[in-house]
Amino acid sequence: MPDQPIPKDAAYQIINDELMLDGNPRLNLASFVTTWMEPECDKLIMSSLNKNYVDMDEYPVTTELQNRCVNMIARLFHAPIGEDDTAVGVGTVGSSEAIMLAGLAFKKKWQEKRKSQGKTYHNPNIVTGSNVQVCWEKFARYFEVDLKVVNLTEDCYVMDPVKAVEMVDENTICVAAILGSTMTGEFEDVKLLNELLTKKNKETGWNTPIHVDAASGGFVAPFLYPDLEWDFRLPLVKSINVSGHKYGLVYAGVGWVVWRAKEDLPDDLVFHINYLGSDQPTFTLNFSKGKNVFTC
Ligand SMILES: Cc1ncc(COP(=O)(O)O)c(C=O)c1O
Numbered sequence: 017m018p019d020q021p022i023p024k025d026a027a028y029q030i031i032n033d034e035l036m037l038d039g040n041p042r043l044n045l046a047s048f049v050t051t052w053m054e055p056e057c058d059k060l061i062m063s064s065l066n067k068n069y070v071d072m073d074e075y076p077v078t079t080e081l082q083n084r085c086v087n088m089i090a091r092l093f094h095a096p097i098g099e100d101d102t103a104v105g106v107g108t109v110g111s112s113e114a115i116m117l118a119g120l121a122f123k124k125k126w127q128e129k130r131k132s133q134g135k136t137y138h139n140p141n142i143v144t145g146s147n148v149q150v151c152w153e154k155f156a157r158y159f160e161v162d163l164k165v166v167n168l169t170e171d172c173y174v175m176d177p178v179k180a181v182e183m184v185d186e187n188t189i190c191v192a193a194i195l196g197s198t199m200t201g202e203f204e205d206v207k208l209l210n211e212l213l214t215k216k217n218k219e220t221g222w223n224t225p226i227h228v229d230a231a232s233g234g235f236v237a238p239f240l241y242p243d244l245e246w247d248f249r250l251p252l253v254k255s256i257n258v259s260g261h262k263y264g265l266v267y268a269g270v271g272w273v274v275w276r277a278k279e280d281l282p283d284d285l286v287f288h289i290n291y292l293g294s295d296q297p298t299f300t301l302n303f304s305k306g307k308n309v310f311t312c
């Protein structure tokens with residue numbers, strides 16, 4: 017901390033000049049091209065910048081907008097809900113937070129089941145391809161879940177569903193399939209995975225579910241390949257994450273996680289907080305949060 021204060025315009029100038037050493041976002045063709053938005057979006061973001069999104073009583077319309085996004089996305093992904101039903105899901109900072117939440121829900125469900133059967137519940141694992149994005153490794157390390165990885169081969173750059181299902185054991189909390197492998201964009205065969213896993217579940221009684229990491233494919237597949245079955249049309253798919261900022265025109269980061277049904281999100285992961293006015297159910301990793309819900 018400096019001993020003496022400095023004038024605010026001098027402080028601004030110093031920080032602004034230092035930031036000039038960053039790259040110019042408009043020249044950045046990496047980082048998923050999330051560097052430009054329509055001016056109307058900029059205006060909406062700027063006019064909401066001072067809202068702390070977690071204070072839902074104070075900002076109920078923001079909450080309503082988030083809920084509308086969740087409802088639209090769940091329906092886009094064919095969640096089996098009626099016209100007037102509310103979908104189960106939440107807006108997140110990006111797919112990484114969404115994946116942490118989905119992973120936690122699977123871990124909790126698996127632990128509850130194991131406890132009720134009087135079995136050990138200390139060695140959960142997730143089966144996935146070695147092409148998973150780093151946030152899955154992060155989830156595994158932070159939340160103490162083993163990643164059982166299906167290696168890619170010279171002629172297959174995505175997870176082979178046959179090998180994945182072979183790796184599933186009684187401690188597998190879910191198989192994570194990727195719709196849009198980060199490196200190549202290739203979709204994994206979720207339909208075949210669902211078929212093979214259904215068969216294995218019948219033989220073993222394990223009921224291992226599927227999560228689809230649709231970070232980049234979730235807003236592409238429904239429009240380009242509407243007949244491709246990768247989402248809640250497949251019964252074992254219990255949750256899906258998607259990013260809003262993977263194809264440009266949306267600043268990072270915004271994402272969502274949606275669950276197939278209420279029972280797929282264990283109750284005790286939902287916090288009911290009421291110190292800001294009324295009962296607020298929240299399921300996010302953070303409490304305070306800047307408002308990015310408009311960027312959808
Ligand atoms: C398949 C996949 N999953 C998850 C992520 C993480 O997404 P986010 O940057 O929205 O946290 C990415 C980002 O590259 C991705 O490609």
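Numbers in the working numbering are just positions in the sequence shown, counted from 1, shifted up by 16. Backbone N, C-alpha and C define an ideal beta-carbon position, used for all residues, glycine too. Predicted, not measured: the structure shown is a model, and the values here were computed from it.
Worksheet item: Based on the DSSP secondary-structure assignment, which residues constitute the bridge partners of residue 3?
Response: The requested residue 3 does not occur in the structure, where the chain is confined to residues 17 to 312.
Practice prompt. Specify, as a first and last residue, the run of the beta strand (DSSP E) that residue 163 falls within.
Written response: 162 to 166 is the span of the beta strand (DSSP E), which, as asked, contains residue 163.
Worksheet item: Ordered along the chain, which non-local residues of its own chain (more than five positions away) have a Cβ less than 6 Å from that of residue 41?
Response: Same-chain partners within the cutoff: 51.
Item to complete: Could you give the DSSP three-state label for residue 254: helix, strand or coil?
Response: Note: residue 254 maps to strand in three-state DSSP.
Fill in: Supposed close pair residue 205, residue 177 - CB separation, criterion 8 Å
With 8 Å as the limit, residue 205 and residue 177 qualify as a contact, their Cβ atoms being about 5 Å apart.
Worksheet entry | Whether residue 168 touches residue 147 by CB criterion (8 Å) | Judged by their CB atoms, residue 168 and residue 147 are nearer to each other than the 8 Å cut-off.
Fill in: Through-space distance from residue 118 to residue 162, alpha-carbon basis
Going by the C-alpha atoms only, they are around 15 Å apart.
Item to complete: Find out if the Cβ-Cβ distance for the pair residue 175, residue 145 is shorter than 8 Å.
Response: yes
Worksheet item: Within 10 angstroms of its Cβ, does residue 304 collect 16 or more other Cβ (buried), or is it exposed?
Response: exposed
Discussion item. Please classify residue 143 as buried or exposed, where buried requires at least 16 neighbouring CB atoms within 10 angstroms.
Written reply: With 16 or more other Cβ atoms within 10 Å, it is buried.
Worksheet item: Just to check, is the beta-carbon of residue 194 closer than 7 Å to a non-hydrogen atom of ligand 1?
Response: yes
Fill in: Three-state secondary structure (DSSP) of residue 119
helix
Fill in: Reference residue 216; option with closest CA among 231, 150, 181, 70
181
Worksheet item: What's the C-alpha gap between residue 189 and residue 231?
Response: Their Cα atoms are separated by approximately 20 Å.
Worksheet item: If you run the structure through DSSP and keep just helix, strand and coil, what is residue 185?
Response: Three-state result, residue 185: coil.
Practice prompt. Identify whether residue 310 lies in helix, strand or coil by the three-state DSSP scheme.
Written response: At residue 310 the pLDDT is 47, less than 50, meaning the model places this residue with poor confidence; the figure from the coordinates comes in the next sentence. If DSSP states are grouped into helix, strand and coil, residue 310 belongs with the helices.
Worksheet entry | Meets three-Cβ-pair contact criterion under 8 Å: the region 223 to 239 and the region 191 to 199 | In this structure the region 223 to 239 touches the region 191 to 199; the number of beta carbon pairs closer than 8 Å is three or more.
Worksheet item: Is it buried or exposed for residue 37, if we count other Cβ within 10 angstroms and need 16 for buried?
Response: exposed
Item to complete: Please report the residue range of the beta strand (DSSP E) in which residue 141 lies.
Response: 141 to 145
Fill in: Secondary structure of residue 126, DSSP reduced to three states
helix
Practice prompt. Reducing DSSP to helix, strand and coil, say where residue 301 ends up.
Written response: coil
Item to complete: Please state whether DSSP places residue 180 in a helix, a strand or coil.
Response: helix
Worksheet item: Out of 179, 236, 201, which has the shortest C-alpha to C-alpha gap to residue 208?
Response: 179
Worksheet item: Looking only at DSSP bridge pairs, what is residue 230 linked to?
Response: Beta-bridge pairing links residue 230 to no other residue.
Item to complete: Please name the residue or residues paired with residue 192 in a DSSP beta bridge.
Response: 144, 227
Discussion item. Does residue 149 pass the burial test, meaning 16 or more other C-beta atoms within 10 Å, or should it be called exposed?
Written reply: buried
Worksheet entry | Assigned exposure category for residue 316 - 16 Cβ within 10 Å defines buried | Limits of the chain in this structure are 17 at one end and 312 at the other, which puts residue 316 out of reach.
Worksheet item: With DSSP run on the structure shown, which of helix, strand or coil describes residue 236?
Response: It is coil, neither helix nor strand.
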